[in-house]
Amino acid sequence: MQKLIFTFCIALASMVVAQSQTIIQPGNFQCISLHGPLMYYWNNPTIVAQFRQDLNQQLLAKKGYSLGTNQIQFSLLKNIKEFNSSNKNTTSFPVIHLKLAEYPASLYLKQFYPDLLKDSSQQSIQSVLIVELSIQTNSSSELLNRSLEVFIKKSNAIGFGIPFNNLHLSAKGFSELMKKSVEIILDSTNESEQIELKASPPFMGDNFIIGTITNLPRIAIESKGLFSKYVFNGKTELIRWDEQRYQEITLRGKNKTILSPLLYSSFIAMEKENPQAVFVFLMQEARNIVLNKNYLLVIPARVSANTNIRITNMPIVEPLKGNHNFMIHDKDTIAQFNIETDQLDSTKKIYPFLSSNGIDSNSLTRINDLNNVVNFSSLYSLKGKIRNQPFKIVVNEFFREIYLNNERIGLIGGMQQPERMVIFDSTLSNDLINELILLSYNRFLQ
(Lines of atoms letter the chains of each structure in order from A and count residues from 1; the text may use other names and numbers.)
(Lines give C-alpha, C1' and ligand atoms only; values in the text may rest on other atoms or scores of the structure.)
Protein backbone atom coordinates (compact mmCIF):
# COMPACT_ATOMS: atom_id res chain seq x y z
CA MET A 1 0.00 0.00 0.00
CA GLN A 2 2.83 2.37 0.85
CA LYS A 3 4.51 1.60 -2.50
CA LEU A 4 1.31 2.48 -4.42
CA ILE A 5 0.92 5.76 -2.56
CA PHE A 6 4.59 6.62 -3.27
CA THR A 7 4.19 5.88 -6.98
CA PHE A 8 1.01 7.97 -7.15
CA CYS A 9 2.81 10.90 -5.47
CA ILE A 10 5.62 10.76 -8.05
CA ALA A 11 3.13 10.68 -10.92
CA LEU A 12 1.19 13.60 -9.43
CA ALA A 13 4.39 15.63 -8.97
CA SER A 14 5.37 14.92 -12.58
CA MET A 15 1.97 16.16 -13.78
CA VAL A 16 2.32 19.35 -11.78
CA VAL A 17 5.81 20.00 -13.19
CA ALA A 18 4.60 19.28 -16.73
CA GLN A 19 1.70 21.66 -16.33
CA SER A 20 4.04 24.41 -15.09
CA GLN A 21 6.13 24.19 -18.25
CA THR A 22 5.30 25.99 -21.49
CA ILE A 23 5.53 23.79 -24.56
CA ILE A 24 7.60 25.29 -27.38
CA GLN A 25 7.38 24.07 -30.95
CA PRO A 26 10.31 23.71 -33.38
CA GLY A 27 9.96 26.00 -36.36
CA ASN A 28 12.53 26.37 -39.15
CA PHE A 29 15.74 24.46 -38.39
CA GLN A 30 17.94 25.16 -41.40
CA CYS A 31 21.62 24.68 -42.08
CA ILE A 32 24.20 25.03 -44.82
CA SER A 33 27.96 24.73 -45.22
CA LEU A 34 29.86 26.71 -47.83
CA HIS A 35 33.02 24.87 -46.84
CA GLY A 36 32.56 21.11 -46.48
CA PRO A 37 30.38 18.19 -45.32
CA LEU A 38 29.90 19.33 -41.70
CA MET A 39 26.11 19.70 -41.91
CA TYR A 40 25.69 16.13 -43.11
CA TYR A 41 26.01 15.16 -39.45
CA TRP A 42 22.36 16.23 -39.08
CA ASN A 43 21.40 13.13 -41.08
CA ASN A 44 22.59 11.05 -38.13
CA PRO A 45 19.65 10.29 -35.76
CA THR A 46 22.00 9.95 -32.77
CA ILE A 47 23.41 13.45 -33.26
CA VAL A 48 19.95 14.97 -33.73
CA ALA A 49 18.66 13.19 -30.60
CA GLN A 50 21.63 14.41 -28.55
CA PHE A 51 21.13 17.98 -29.76
CA ARG A 52 17.41 17.85 -28.99
CA GLN A 53 18.20 16.67 -25.46
CA ASP A 54 20.80 19.44 -24.95
CA LEU A 55 18.50 22.11 -26.41
CA ASN A 56 15.55 21.00 -24.29
CA GLN A 57 17.70 21.06 -21.17
CA GLN A 58 18.84 24.63 -21.87
CA LEU A 59 15.32 25.82 -22.76
CA LEU A 60 14.03 24.48 -19.45
CA ALA A 61 16.89 25.93 -17.43
CA LYS A 62 17.08 29.36 -19.11
CA LYS A 63 13.54 30.07 -20.40
CA GLY A 64 11.17 27.63 -18.69
CA TYR A 65 10.19 26.07 -22.03
CA SER A 66 9.95 22.40 -22.94
CA LEU A 67 9.97 20.75 -26.35
CA GLY A 68 7.65 18.12 -24.95
CA THR A 69 7.27 15.34 -27.51
CA ASN A 70 8.10 17.64 -30.45
CA GLN A 71 10.90 16.38 -32.65
CA ILE A 72 13.55 18.36 -34.52
CA GLN A 73 14.46 18.01 -38.17
CA PHE A 74 17.08 20.08 -39.97
CA SER A 75 16.71 21.18 -43.58
CA LEU A 76 20.05 21.00 -45.39
CA LEU A 77 20.13 23.90 -47.83
CA LYS A 78 22.15 24.10 -51.04
CA ASN A 79 22.15 27.89 -51.32
CA ILE A 80 22.51 30.56 -48.65
CA LYS A 81 19.59 32.43 -50.25
CA GLU A 82 17.25 29.57 -49.30
CA PHE A 83 17.29 30.56 -45.63
CA ASN A 84 13.74 31.39 -44.52
CA SER A 85 13.81 34.87 -43.00
CA SER A 86 10.06 35.34 -42.36
CA ASN A 87 9.67 32.88 -39.44
CA LYS A 88 6.03 33.84 -38.79
CA ASN A 89 4.37 32.17 -35.82
CA THR A 90 0.77 31.25 -36.54
CA THR A 91 0.21 29.01 -33.47
CA SER A 92 -0.75 29.69 -29.88
CA PHE A 93 2.50 28.08 -28.75
CA PRO A 94 5.93 29.75 -28.73
CA VAL A 95 8.08 28.68 -31.66
CA ILE A 96 11.87 28.29 -31.83
CA HIS A 97 13.86 28.75 -35.04
CA LEU A 98 17.53 27.96 -35.66
CA LYS A 99 19.82 28.84 -38.56
CA LEU A 100 23.31 27.40 -38.87
CA ALA A 101 25.87 28.33 -41.54
CA GLU A 102 29.53 27.39 -41.95
CA TYR A 103 31.99 29.50 -43.97
CA PRO A 104 35.62 28.86 -44.91
CA ALA A 105 37.83 31.00 -42.69
CA SER A 106 39.53 32.82 -45.58
CA LEU A 107 36.22 33.90 -47.11
CA TYR A 108 34.58 34.99 -43.86
CA LEU A 109 37.60 36.81 -42.42
CA LYS A 110 38.29 38.60 -45.69
CA GLN A 111 34.75 39.95 -45.74
CA PHE A 112 34.23 40.83 -42.07
CA TYR A 113 37.60 40.77 -40.27
CA PRO A 114 40.36 41.50 -42.82
CA ASP A 115 42.81 42.57 -40.09
CA LEU A 116 42.72 39.05 -38.62
CA LEU A 117 44.20 37.68 -41.84
CA LYS A 118 47.39 39.57 -41.00
CA ASP A 119 47.45 38.29 -37.42
CA SER A 120 49.70 35.23 -37.20
CA SER A 121 47.92 34.10 -34.03
CA GLN A 122 44.73 33.66 -36.06
CA GLN A 123 46.24 31.47 -38.75
CA SER A 124 44.88 28.35 -37.06
CA ILE A 125 41.25 29.36 -37.76
CA GLN A 126 39.82 26.65 -40.04
CA SER A 127 36.22 27.75 -40.51
CA VAL A 128 33.55 30.01 -38.98
CA LEU A 129 30.07 28.92 -37.89
CA ILE A 130 27.18 31.34 -37.46
CA VAL A 131 24.53 30.05 -35.05
CA GLU A 132 21.34 32.13 -35.06
CA LEU A 133 18.46 31.29 -32.73
CA SER A 134 15.11 33.04 -32.32
CA ILE A 135 11.99 32.45 -30.22
CA GLN A 136 8.58 33.87 -31.19
CA THR A 137 5.67 33.93 -28.77
CA ASN A 138 3.14 34.95 -31.43
CA SER A 139 3.01 36.37 -34.93
CA SER A 140 4.07 39.85 -33.86
CA SER A 141 6.18 39.28 -30.76
CA GLU A 142 9.76 38.02 -30.70
CA LEU A 143 11.13 37.00 -27.32
CA LEU A 144 14.67 36.28 -28.48
CA ASN A 145 16.77 36.77 -31.60
CA ARG A 146 20.46 36.26 -31.13
CA SER A 147 23.43 34.97 -33.11
CA LEU A 148 26.86 33.66 -32.19
CA GLU A 149 30.07 33.49 -34.24
CA VAL A 150 32.10 30.34 -33.58
CA PHE A 151 35.71 30.37 -34.80
CA ILE A 152 36.92 26.80 -35.16
CA LYS A 153 40.65 26.58 -34.54
CA LYS A 154 42.86 23.60 -35.18
CA SER A 155 44.15 21.89 -32.05
CA ASN A 156 46.85 19.25 -31.74
CA ALA A 157 45.69 15.95 -33.19
CA ILE A 158 45.09 13.11 -30.76
CA GLY A 159 44.17 10.41 -33.26
CA PHE A 160 45.76 8.63 -36.21
CA GLY A 161 44.90 8.65 -39.89
CA ILE A 162 44.47 10.97 -42.84
CA PRO A 163 42.64 14.20 -41.95
CA PHE A 164 40.08 16.00 -44.09
CA ASN A 165 40.91 19.35 -45.65
CA ASN A 166 37.33 20.67 -45.34
CA LEU A 167 35.95 19.00 -42.19
CA HIS A 168 37.25 20.18 -38.83
CA LEU A 169 34.98 18.50 -36.28
CA SER A 170 34.25 14.89 -35.45
CA ALA A 171 30.64 13.91 -34.76
CA LYS A 172 31.22 14.26 -31.02
CA GLY A 173 33.01 17.59 -31.48
CA PHE A 174 30.08 18.88 -33.53
CA SER A 175 27.60 17.85 -30.81
CA GLU A 176 29.70 19.61 -28.18
CA LEU A 177 29.86 22.78 -30.31
CA MET A 178 26.08 22.88 -30.70
CA LYS A 179 25.52 22.26 -27.00
CA LYS A 180 27.87 25.10 -26.02
CA SER A 181 26.38 27.47 -28.61
CA VAL A 182 22.75 27.15 -27.48
CA GLU A 183 23.85 27.34 -23.85
CA ILE A 184 25.43 30.75 -24.50
CA ILE A 185 22.65 32.08 -26.73
CA LEU A 186 19.87 31.16 -24.28
CA ASP A 187 21.73 32.61 -21.29
CA SER A 188 20.66 36.25 -20.90
CA THR A 189 23.58 36.87 -18.51
CA ASN A 190 26.14 35.82 -21.11
CA GLU A 191 26.70 38.61 -23.63
CA SER A 192 29.28 36.79 -25.75
CA GLU A 193 28.94 37.30 -29.48
CA GLN A 194 32.00 35.29 -30.46
CA ILE A 195 33.71 32.18 -29.13
CA GLU A 196 36.72 30.11 -30.18
CA LEU A 197 36.65 26.35 -30.28
CA LYS A 198 39.91 24.41 -30.52
CA ALA A 199 39.19 21.05 -32.07
CA SER A 200 41.31 18.01 -32.81
CA PRO A 201 40.87 17.22 -36.52
CA PRO A 202 38.71 14.26 -37.59
CA PHE A 203 40.17 11.55 -39.81
CA MET A 204 38.91 9.58 -42.77
CA GLY A 205 37.74 6.04 -42.16
CA ASP A 206 40.09 3.22 -43.13
CA ASN A 207 40.55 -0.55 -42.86
CA PHE A 208 44.07 -0.64 -41.43
CA ILE A 209 44.35 1.92 -38.61
CA ILE A 210 41.20 2.81 -36.70
CA GLY A 211 40.10 -0.79 -36.12
CA THR A 212 43.53 -1.87 -34.87
CA ILE A 213 44.17 0.93 -32.36
CA THR A 214 40.75 1.05 -30.68
CA ASN A 215 41.17 0.66 -26.90
CA LEU A 216 44.99 0.68 -27.14
CA PRO A 217 46.92 3.21 -25.03
CA ARG A 218 48.36 6.20 -26.86
CA ILE A 219 51.82 7.42 -25.92
CA ALA A 220 52.22 11.19 -26.05
CA ILE A 221 55.48 12.40 -27.59
CA GLU A 222 56.56 15.90 -26.65
CA SER A 223 58.49 17.29 -29.62
CA LYS A 224 60.06 20.71 -29.78
CA GLY A 225 62.53 21.70 -32.44
CA LEU A 226 64.85 18.76 -32.99
CA PHE A 227 64.13 17.12 -29.62
CA SER A 228 61.49 14.51 -28.74
CA LYS A 229 60.58 13.14 -25.32
CA TYR A 230 58.25 10.33 -24.30
CA VAL A 231 57.71 7.62 -21.68
CA PHE A 232 57.61 3.91 -22.55
CA ASN A 233 57.66 0.94 -20.19
CA GLY A 234 58.06 3.36 -17.29
CA LYS A 235 61.22 4.94 -18.69
CA THR A 236 61.64 8.48 -19.97
CA GLU A 237 63.31 8.66 -23.39
CA LEU A 238 64.90 11.72 -24.96
CA ILE A 239 66.14 11.72 -28.55
CA ARG A 240 67.50 14.39 -30.85
CA TRP A 241 68.13 14.98 -34.54
CA ASP A 242 70.85 17.32 -35.75
CA GLU A 243 70.56 19.56 -38.81
CA GLN A 244 70.92 17.93 -42.21
CA ARG A 245 74.18 18.24 -44.07
CA TYR A 246 75.41 17.26 -47.50
CA GLN A 247 78.66 15.85 -48.79
CA GLU A 248 79.22 16.12 -52.54
CA ILE A 249 80.43 13.00 -54.31
CA THR A 250 83.20 13.28 -56.91
CA LEU A 251 83.25 10.40 -59.37
CA ARG A 252 86.49 11.21 -61.21
CA GLY A 253 89.84 12.89 -60.79
CA LYS A 254 92.45 13.18 -58.08
CA ASN A 255 89.90 13.91 -55.33
CA LYS A 256 87.55 11.10 -56.31
CA THR A 257 85.26 9.96 -53.47
CA ILE A 258 86.02 6.46 -52.25
CA LEU A 259 82.97 4.30 -53.00
CA SER A 260 82.16 0.60 -53.08
CA PRO A 261 82.15 -0.89 -56.61
CA LEU A 262 78.38 -1.41 -56.47
CA LEU A 263 77.65 2.15 -55.34
CA TYR A 264 80.08 3.58 -57.90
CA SER A 265 78.43 1.67 -60.76
CA SER A 266 74.99 2.90 -59.59
CA PHE A 267 76.16 6.52 -59.74
CA ILE A 268 77.67 6.01 -63.21
CA ALA A 269 74.39 4.53 -64.49
CA MET A 270 72.43 7.50 -63.12
CA GLU A 271 74.93 9.93 -64.59
CA LYS A 272 74.24 8.54 -68.05
CA GLU A 273 70.55 9.33 -67.53
CA ASN A 274 71.30 12.91 -66.52
CA PRO A 275 74.84 14.21 -67.16
CA GLN A 276 74.03 17.49 -65.35
CA ALA A 277 73.12 15.77 -62.09
CA VAL A 278 75.07 16.26 -58.87
CA PHE A 279 75.57 13.31 -56.51
CA VAL A 280 75.68 13.72 -52.75
CA PHE A 281 75.55 11.88 -49.46
CA LEU A 282 72.58 13.17 -47.47
CA MET A 283 73.71 12.99 -43.85
CA GLN A 284 72.01 13.56 -40.52
CA GLU A 285 73.35 12.86 -37.09
CA ALA A 286 71.04 11.79 -34.27
CA ARG A 287 71.38 10.95 -30.61
CA ASN A 288 69.83 8.87 -27.86
CA ILE A 289 70.51 11.31 -25.04
CA VAL A 290 69.59 9.00 -22.16
CA LEU A 291 71.93 6.19 -23.28
CA ASN A 292 74.56 8.55 -24.70
CA LYS A 293 74.40 6.93 -28.15
CA ASN A 294 75.24 8.77 -31.36
CA TYR A 295 73.98 7.79 -34.80
CA LEU A 296 74.67 8.83 -38.38
CA LEU A 297 72.17 8.41 -41.19
CA VAL A 298 73.67 8.27 -44.70
CA ILE A 299 71.54 8.41 -47.87
CA PRO A 300 73.28 8.54 -51.29
CA ALA A 301 71.22 10.66 -53.68
CA ARG A 302 71.08 12.44 -57.01
CA VAL A 303 70.28 16.14 -57.15
CA SER A 304 69.04 17.40 -60.51
CA ALA A 305 67.09 20.31 -61.95
CA ASN A 306 63.33 19.94 -61.91
CA THR A 307 62.23 20.21 -65.54
CA ASN A 308 58.61 19.31 -64.80
CA ILE A 309 57.76 22.28 -62.58
CA ARG A 310 58.17 25.87 -63.72
CA ILE A 311 60.06 27.03 -60.66
CA THR A 312 63.54 28.41 -61.16
CA ASN A 313 66.33 26.35 -59.58
CA MET A 314 63.93 23.95 -57.88
CA PRO A 315 65.96 20.72 -57.38
CA ILE A 316 64.81 17.12 -57.26
CA VAL A 317 66.54 14.99 -54.65
CA GLU A 318 66.29 11.29 -55.46
CA PRO A 319 67.68 8.57 -53.18
CA LEU A 320 69.53 5.93 -55.13
CA LYS A 321 67.59 2.78 -55.84
CA GLY A 322 68.97 -0.21 -54.01
CA ASN A 323 70.15 -1.21 -50.56
CA HIS A 324 72.58 1.72 -50.28
CA ASN A 325 71.27 3.60 -47.24
CA PHE A 326 72.79 3.21 -43.78
CA MET A 327 72.31 4.04 -40.14
CA ILE A 328 75.58 3.89 -38.23
CA HIS A 329 76.17 3.70 -34.46
CA ASP A 330 79.78 4.54 -33.66
CA LYS A 331 81.54 2.55 -36.42
CA ASP A 332 78.93 -0.20 -36.69
CA THR A 333 76.25 -0.26 -39.39
CA ILE A 334 73.08 -1.14 -37.46
CA ALA A 335 70.64 -0.61 -40.33
CA GLN A 336 70.88 -0.98 -44.09
CA PHE A 337 67.85 -0.38 -46.29
CA ASN A 338 66.31 0.56 -49.60
CA ILE A 339 64.05 3.60 -50.13
CA GLU A 340 61.11 3.40 -52.52
CA THR A 341 58.75 6.27 -53.35
CA ASP A 342 55.00 6.46 -54.05
CA GLN A 343 54.16 2.88 -53.13
CA LEU A 344 50.54 1.89 -53.73
CA ASP A 345 49.04 -0.71 -51.38
CA SER A 346 45.68 -1.93 -52.67
CA THR A 347 45.03 -3.94 -49.47
CA LYS A 348 44.82 -0.72 -47.46
CA LYS A 349 41.66 1.31 -48.05
CA ILE A 350 40.67 4.90 -47.22
CA TYR A 351 36.97 5.73 -46.87
CA PRO A 352 36.44 9.49 -47.48
CA PHE A 353 32.69 9.11 -46.82
CA LEU A 354 33.33 8.28 -43.14
CA SER A 355 34.79 10.45 -40.39
CA SER A 356 36.31 9.30 -37.12
CA ASN A 357 38.15 10.74 -34.14
CA GLY A 358 41.18 8.63 -35.09
CA ILE A 359 40.98 6.74 -31.79
CA ASP A 360 37.87 4.60 -31.62
CA SER A 361 36.10 2.75 -34.45
CA ASN A 362 32.79 3.46 -32.70
CA SER A 363 33.24 7.12 -33.70
CA LEU A 364 32.88 6.35 -37.43
CA THR A 365 30.12 8.54 -38.89
CA ARG A 366 28.95 9.00 -42.47
CA ILE A 367 29.49 12.46 -43.97
CA ASN A 368 28.10 12.06 -47.50
CA ASP A 369 26.02 9.75 -49.67
CA LEU A 370 28.97 8.38 -51.63
CA ASN A 371 30.72 5.04 -51.19
CA ASN A 372 34.03 5.96 -52.80
CA VAL A 373 37.06 3.94 -51.70
CA VAL A 374 40.67 5.06 -52.22
CA ASN A 375 43.74 2.84 -52.20
CA PHE A 376 46.44 3.94 -49.77
CA SER A 377 49.73 5.20 -51.18
CA SER A 378 52.85 5.99 -49.16
CA LEU A 379 55.31 8.80 -49.81
CA TYR A 380 58.29 6.61 -48.97
CA SER A 381 58.88 3.04 -47.91
CA LEU A 382 62.08 2.04 -46.10
CA LYS A 383 62.81 -1.68 -46.23
CA GLY A 384 65.86 -3.57 -45.05
CA LYS A 385 67.41 -4.86 -41.84
CA ILE A 386 67.99 -3.21 -38.47
CA ARG A 387 70.09 -5.07 -35.91
CA ASN A 388 69.79 -8.16 -38.14
CA GLN A 389 65.97 -8.07 -38.10
CA PRO A 390 63.88 -7.37 -41.21
CA PHE A 391 62.09 -4.03 -40.90
CA LYS A 392 59.92 -1.72 -42.93
CA ILE A 393 58.82 1.86 -42.31
CA VAL A 394 55.88 3.20 -44.32
CA VAL A 395 56.09 7.00 -44.46
CA ASN A 396 52.88 8.94 -44.95
CA GLU A 397 52.51 12.72 -44.66
CA PHE A 398 50.59 12.32 -41.40
CA PHE A 399 51.92 9.13 -39.79
CA ARG A 400 54.48 6.34 -39.93
CA GLU A 401 53.83 2.59 -39.81
CA ILE A 402 56.65 0.44 -38.42
CA TYR A 403 57.07 -3.25 -39.18
CA LEU A 404 59.57 -5.66 -37.61
CA ASN A 405 59.97 -9.28 -38.71
CA ASN A 406 57.00 -8.76 -41.05
CA GLU A 407 54.69 -7.74 -38.18
CA ARG A 408 53.37 -4.23 -37.62
CA ILE A 409 54.72 -3.24 -34.24
CA GLY A 410 54.05 0.50 -34.07
CA LEU A 411 52.19 3.51 -35.42
CA ILE A 412 53.51 7.05 -34.97
CA GLY A 413 51.42 10.16 -35.68
CA GLY A 414 52.79 13.55 -36.66
CA MET A 415 53.77 15.37 -39.83
CA GLN A 416 57.27 16.83 -39.43
CA GLN A 417 57.92 15.46 -35.96
CA PRO A 418 56.51 12.62 -33.83
CA GLU A 419 53.56 13.63 -31.65
CA ARG A 420 51.87 10.41 -30.51
CA MET A 421 52.48 6.70 -30.75
CA VAL A 422 50.83 3.30 -30.38
CA ILE A 423 53.07 0.29 -29.78
CA PHE A 424 51.48 -3.10 -30.53
CA ASP A 425 54.33 -5.11 -28.98
CA SER A 426 55.15 -3.98 -25.45
CA THR A 427 58.12 -6.38 -25.25
CA LEU A 428 60.19 -4.24 -27.63
CA SER A 429 63.23 -2.58 -26.12
CA ASN A 430 63.21 1.18 -25.66
CA ASP A 431 66.57 1.32 -27.43
CA LEU A 432 65.19 -0.24 -30.63
CA ILE A 433 62.06 1.93 -30.58
CA ASN A 434 64.27 5.04 -30.34
CA GLU A 435 66.28 3.94 -33.37
CA LEU A 436 63.12 3.27 -35.39
CA ILE A 437 61.70 6.70 -34.48
CA LEU A 438 64.99 8.38 -35.46
CA LEU A 439 64.79 6.64 -38.84
CA SER A 440 61.08 7.34 -39.32
CA TYR A 441 61.37 11.10 -38.78
CA ASN A 442 64.72 11.85 -40.38
CA ARG A 443 64.46 15.20 -42.14
CA PHE A 444 65.15 13.87 -45.64
CA LEU A 445 61.84 11.99 -45.86
CA GLN A 446 59.48 14.92 -45.21
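Residue numbers (numbering that gives the first Met the number 0): 0 to 445.
We put the beta carbon where it would ideally sit given N, CA and C, even for glycine.
All of these numbers come straight from a predicted model, not from anything done at the bench.
Which one of the options has the shortest CA to CA distance from residue i?
i      : options                           : result
Ser376 : Gly383, Ser345 and Thr89          : Ser345
Ser199 : Ser154, Leu97 and Val130          : Ser154
Asn287 : Arg244, Arg239 and Leu132         : Arg239
Leu431 : Leu363, Lys292, Leu343 and Ala276 : Lys292
Ser74  : Ile46, Val181, Gly412 and Met38   : Met38
Thr89  : Ile46, Ser355, Asn361 and Ser140  : Ser140
Asn144 : Ser187, Ser105, Gly413 and Gly160 : Ser187
Ile315 : Ser105, Leu295 and Gln275         : Gln275
Leu378 : Val279, Tyr440, Gly63 and Asn232  : Tyr440
Gln121 : Glu272, Leu196, Ala100 and Glu400 : Leu196
Pro216 : Ala100, Ile411 and Leu403         : Ile411
Ile248 : Glu270, Val230 and Asp241         : Glu270
Phe336 : Val421, Asn361 and Lys391         : Lys391
Ser265 : Asn324, Leu295 and Lys223         : Asn324
Ala60  : Phe423, Thr45 and Gln20           : Gln20
Val373 : Leu343, Asn232 and Tyr263         : Leu343
Phe398 : Lys384, Asp118 and Gln445         : Gln445
In chain order, what residues of the same chain lie with their CB nearer than 6 Å to the CB of residue i, ignoring the 5 residues before and after it?
i      : result
Gly67  : Ile22
Phe173 : Tyr40
Asn69  : Gln24 and Pro25
Phe226 : Arg239
Residues in the same chain with beta-carbon distance under 7 Å from residue i, minus the five sequence neighbours each way, listed in chain order, please.
i      : result
Glu317 : Ala300 and Arg301
Asp331 : none
Lys178 : Asp53
Arg309 : With a pLDDT of 44 at Arg309, under the threshold of 50, the modelled position of this residue cannot be trusted; read the value that follows with caution. Correct list: empty, nothing qualifies.
Which of helix, strand or coil does DSSP assign to residue i?
i      : result
Met414 : coil
Ile184 : helix
Gln20  : coil
Thr426 : coil
Arg251 : coil
Asp331 : strand
Ser74  : strand
Leu295 : strand
Ser91  : coil
Glu190 : coil
Pro25  : strand
Ser123 : coil
Asn433 : helix
What do you get for residue i, buried or exposed, if any count of 16 or more other CB atoms within 10 angstroms of its CB means buried?
i      : result
Gln135 : buried
Leu108 : buried
Gln283 : buried
Thr235 : exposed
Phe111 : exposed
Ile79  : exposed
Val94  : buried
Leu435 : buried
Ser191 : exposed
Asp205 : buried
Leu250 : exposed
Which residues in the same chain have their Cβ closer than 8 Å to the Cβ of residue i, if we skip the five residues on either side of it in sequence?
i     : result
Glu81 : Gln29 and Ile31
Leu76 : Gln29, Cys30, Ile31 and Phe82
So, using beta-carbon positions, are residue i and residue j closer together than 9 Å?
i      : j      : result
Pro103 : Leu33  : yes
Pro162 : Phe207 : no
Leu58  : Leu237 : no
Gly357 : Ile209 : yes
Ser169 : Ile151 : no
Asn27  : Asn83  : yes
Pro351 : Asn371 : yes
Arg419 : Phe159 : yes
Lys98  : Val130 : yes
Phe280 : Val297 : yes
Lys62  : Leu128 : no
Leu166 : Ser146 : no
I want to check one thing, is the minimum distance from the CB of residue i to the heavy atoms of the ligand SAH below 8 Å?
i      : result
Asn337 : Among the ligands in the structure shown, none appear at all, so the ligand SAH cannot be discussed.
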